[in-house]
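Residue numbers (full-length UniProt numbering): 1 to 626.
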């Protein structure tokens, strides 16, 4: 029989069972932990990838934002100026180069139906190239803006406006940018001022237009629409009436007087000027400008009235510094210092008359002194500055006995004697001689015109022309204009002579030296003399070629009514004269090469036979000719 188990024995199997369960639970727990870990890793990896991608996107976003501050992309432009592909600095330069000049050009501004032109740069508008570019490069993280910039964004240039300057500019265009508006005006009915009332109209609203443009000028537009509205007249009825009451009525209440007594012109004045109200009205004008209506006396009309009443002797012309010189072998220059002149100060006198007429209550208060102003000489050099020190060029030509012709030589040399030609000035013989007529001392004598010997006013003056030309030529003056005769006269140097025909042919030379040149001239003892006084400057060398291509004298029959029989003169030929000038410093002028071709001085047979003059005594073009 089996024995019953003791308590101790009964407990032993239970303990053994527990011991065997513990390793199983541990293994089961470890297996479960490994499963959890295997499930968590994919989720964590996804999170890390998402974080990395987000970080990359942020970096790309920030990099793009930064890039758009350093570079302009795509087809970016500022008011029509393409700046894509440029740096901000390059864009600023391009914008300034194109748009700044545009602001210097007039644009059309409109107000309703009216239009006018205005120059933006002169009206308070300027270009801010830096702010203009900043519109495309300012830092932003807005993705839409960044995308737009990468594609190429178009913005308007920043053109700030100075409101005060623009307001002034628009005020100046009120009249042209409005319609129907009329200022109050004042006219005269005899000596009574008459007011024409003002009328309101439509047109430019200056303040509203300034406010509209205060945010910036629309650069690049050919036309700018301004704000229009009702426009009030610039000159109101009240302002015009005030002018009548305060100025015009008292001005026309009595006579006004100008007196030379107590002035520098007292001894020269032949009387005083008294203006009646009727005469004052003729001198008075009423004008409106920039919203102000004013009255004034016309200075030119006041000047005319003063000279008519007091005589032209109250004014004196300023005298330039100059020289006097006697036309004779012994004559030497004598310096004459410049002196100021005196002239009626017409503007000041007109203002004084208006003031006296407005405030003066009696004849004394309505009398004003003559106002003179000093007139400075145009040229006030000292003697040393002019440099007229010695003879630098001189020439003489012989003339035959002919009292009539000699009169023209004496008159002509007297007129040019004492002429001062300053540095840079051009001497014109025709201008200095003036009118060639009997009233000015000339007479009719022999000339050569169209190859025909005849008589004309001023005959013989070509001898003065030739002598003057040679004196200036040897002095180194620039040859501006001279015309050789068609035939050669033995009293003149071949290839170095000139004729004169008023209105057609002249002798001109220019003084290209730093010193003035004084002309001295006279005709006496069978010779015409011309000297030029100055300071030596050019070293002059003149050479002449031989005579070539000799052409013999022939007999010519003329049917001209003015024909004078002529016994013939010199053969024709060609000759070349060369002048060289060497300047003391710097480049010297180019050589002057004068190539002259003379015709033969043919025998002239006329319809009515008359004794022929000797060849040497023949006239030549002087008052005119070829």
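By construction, the Cβ of each residue, glycine as well, lies at the ideal position given by its N, Cα and C atoms.
C-alpha distance - residue i paired with residue j, whole-angstrom precision
i: residue 654; j: residue 374; result: For the chain, the structure presents residues 1 to 626; residue 654 sits outside this window and is missing.
i: residue 397; j: residue 570; result: 18 Å
i: residue 492; j: residue 484; result: 11 Å
i: residue 327; j: residue 488; result: 28 Å
i: residue 80; j: residue 171; result: 30 Å
i: residue 524; j: residue 402; result: 13 Å
i: residue 225; j: residue 251; result: 46 Å
i: residue 606; j: residue 555; result: 11 Å
i: residue 115; j: residue 240; result: 28 Å
i: residue 342; j: residue 300; result: 16 Å
i: residue 200; j: residue 215; result: 30 Å
i: residue 504; j: residue 358; result: 58 Å
i: residue 353; j: residue 197; result: 28 Å
i: residue 429; j: residue 465; result: 7 Å
i: residue 92; j: residue 126; result: 14 Å
i: residue 602; j: residue 543; result: 28 Å
i: residue 382; j: residue 337; result: 7 Å
i: residue 540; j: residue 511; result: 14 Å
i: residue 202; j: residue 109; result: 15 Å
i: residue 339; j: residue 312; result: 19 Å
i: residue 212; j: residue 143; result: 32 Å
i: residue 296; j: residue 348; result: 11 Å
i: residue 361; j: residue 243; result: 18 Å
i: residue 386; j: residue 469; result: 22 Å
i: residue 443; j: residue 562; result: 17 Å
i: residue 135; j: residue 82; result: 14 Å
Residue i in three-state terms, based on DSSP
i: residue 421; result: strand
i: residue 433; result: helix
i: residue 393; result: strand
i: residue 197; result: coil
i: residue 95; result: helix
i: residue 310; result: helix
i: residue 581; result: strand
i: residue 227; result: coil
i: residue 455; result: strand
i: residue 204; result: strand
i: residue 188; result: strand
i: residue 416; result: helix
i: residue 427; result: strand
i: residue 325; result: coil
i: residue 572; result: strand
i: residue 549; result: strand
i: residue 557; result: strand
i: residue 621; result: Low confidence applies here, because residue 621 scores a pLDDT of 46, under 50, leaving its location unreliable; read the following figure in that light. The answer is coil: DSSP assigns residue 621 none of H, G, I, E or B.
i: residue 606; result: coil
i: residue 531; result: strand
i: residue 361; result: coil
i: residue 266; result: coil
i: residue 130; result: helix
Nearest candidate by alpha-carbon position, reference residue i, set the options
i: residue 407; options: 436, 310 and 270; result: 436
i: residue 419; options: 395, 325 and 118; result: 325
i: residue 346; options: 361, 377, 368 and 334; result: 368
i: residue 304; options: 294, 282 and 580; result: 282
i: residue 550; options: 562, 600 and 577; result: 600
i: residue 130; options: 366, 94 and 164; result: 94
i: residue 496; options: 287, 105, 246 and 576; result: 576
i: residue 393; options: 135, 405 and 536; result: 536
i: residue 99; options: 227, 424, 74 and 156; result: 156
i: residue 160; options: 425, 378, 218 and 444; result: 218
i: residue 179; options: 431, 506 and 113; result: 113
i: residue 132; options: 105, 440 and 89; result: 89
i: residue 380; options: 323, 433 and 330; result: 323
i: residue 267; options: 167, 310 and 501; result: 310
Residue i: CB within 6 Å of a non-hydrogen atom of the ligand FMN
i: residue 92; result: Of ligands this structure carries none, so the ligand FMN is not represented either.
Cβ-Cβ separation, residue j to residue i (assumed contact under 8 Å), whole Å
i: residue 519; j: residue 409; result: Between residue 409 and residue 519 the Cβ distance is about 15 Å, and since that is not below 8 Å, they are no contact.
i: residue 278; j: residue 191; result: 6 Å
i: residue 248; j: residue 186; result: 7 Å
i: residue 235; j: residue 271; result: Not quite, the Cβ-Cβ distance comes to about 40 Å (not below 8 Å), so this is no contact.
i: residue 124; j: residue 162; result: 4 Å
i: residue 255; j: residue 284; result: Rounded, the Cβ-Cβ distance is 14 Å, inconsistent with contact.
i: residue 388; j: residue 333; result: 5 Å
*Stretch pair the segment 526-540 + the segment 469-484: three plus CB contacts closer than 8 Å*: The segment 526-540 is in contact with the segment 469-484.
*Stretch pair the segment 307-319 + the segment 511-523: three plus CB contacts closer than 8 Å*: Because the criterion of three Cβ pairs below 8 Å is not met, the segment 307-319 and the segment 511-523 do not touch.
*Is the segment 203-214 close to the segment 160-174, with three or more CB pairs under 8 Å?*
In this structure the segment 203-214 lies against the segment 160-174, because at least three pairs of beta carbons, one per stretch, are closer than 8 Å.
*Do the segment 247-265 and the segment 370-386 make contact, defined as three or more Cβ pairs closer than 8 Å?*
Touching, yes.
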